[in-house]
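Working notes, structure below.
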Amino acid sequence: MSNIIKALLELQVAVPSEMMQTTVIDVVKQSENFKTLEKAIREAGLADVLTGRGPFTVFAPNDDAFKRIPQDTLNSILKDKSRLARILKYHVVRGRYTSNDLSAEESLKTLEGSVIPINMTGYNRIIGSAKAIQPDIKASNGIIHVIDSVLLPE
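Quick note on full-length UniProt numbering: the sequence shown kicks off at 1 and runs consecutively.
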């Protein structure tokens, strides 16, 4: 019995350590809900940025969010590397902002250079025009908030 307890305690210590080595880009790659985002990051050449030290807060549109964009428009965006990089950088801010931290913010400056508004509607956090549908996914170099639409800089 004591061997089982010892093994469980060792496992409990090992799991957080492993998780803390998982970068933002690793989380994106490992999720079944970010296939389009993963492709876009790769196409735009931003994987190295999101593997970096950070910390970053990423407002990550899931695959359903990308499906809301007309296919012709999405294909056009994916082919224009400069535009794609600008759009993706608009989804990233420097610093680690949990959902609680976002409640205290009115806006944040993105890596793209624009300011993105943050609003609270009841318990919902609205980032630009997108709703955070799954907040606070932790990574070693930041945090991810899954959003329900793709944000487009003005």
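The C-beta atom is built at its ideal place from N, Cα and C for all residues, glycine as well.
Quick one: what's residue i bridged to in DSSP?
i: lysine 35; result: Lysine 35 is not bridged to any residue.
i: isoleucine 137; result: Ile144
So, with DSSP's three-state summary, where would you put residue i?
i: valine 150; result: coil
i: threonine 23; result: coil
i: leucine 74; result: helix
i: glutamate 18; result: At glutamate 18, the pLDDT of 46 sits below 50, so the modelled position is not reliable; the number obtained from the coordinates is stated separately. Helix at glutamate 18.
i: methionine 94; result: According to the sequence as given, residue 94 is arginine; it is not methionine. The answer is strand: DSSP assigns arginine 94 an E or B state.
Along the chain, where does the alpha helix (DSSP H) containing residue i start, and where does it finish?
i: alanine 85; result: 81 to 89
i: leucine 102; result: 99 to 103
i: leucine 50; result: 47 to 51
Classify residue i: buried if its beta carbon has 16 or more other beta carbons within 10 angstroms, exposed otherwise.
i: serine 103; result: exposed
i: tyrosine 123; result: exposed
Along the chain, where does the beta strand (DSSP E) containing residue i start, and where does it finish?
i: asparagine 119; result: 115 to 121
i: leucine 108; result: 107 to 109
i: asparagine 124; result: 124 to 127
i: proline 61; result: 56 to 61
Return yes when the C-beta of residue i is under 7 Å from any heavy atom of the ligand FMN, and no when it is not.
i: alanine 60; result: Ligands are entirely absent from the displayed structure, and the ligand FMN is therefore not among its contents.
May I have the straight-line CA-CA distance separating residue i from residue j, to the nearest angstrom?
i: glutamate 106; j: proline 117; result: 6 Å
i: aspartate 80; j: asparagine 62; result: 20 Å
i: serine 114; j: glutamate 154; result: 8 Å
i: threonine 73; j: serine 31; result: 24 Å
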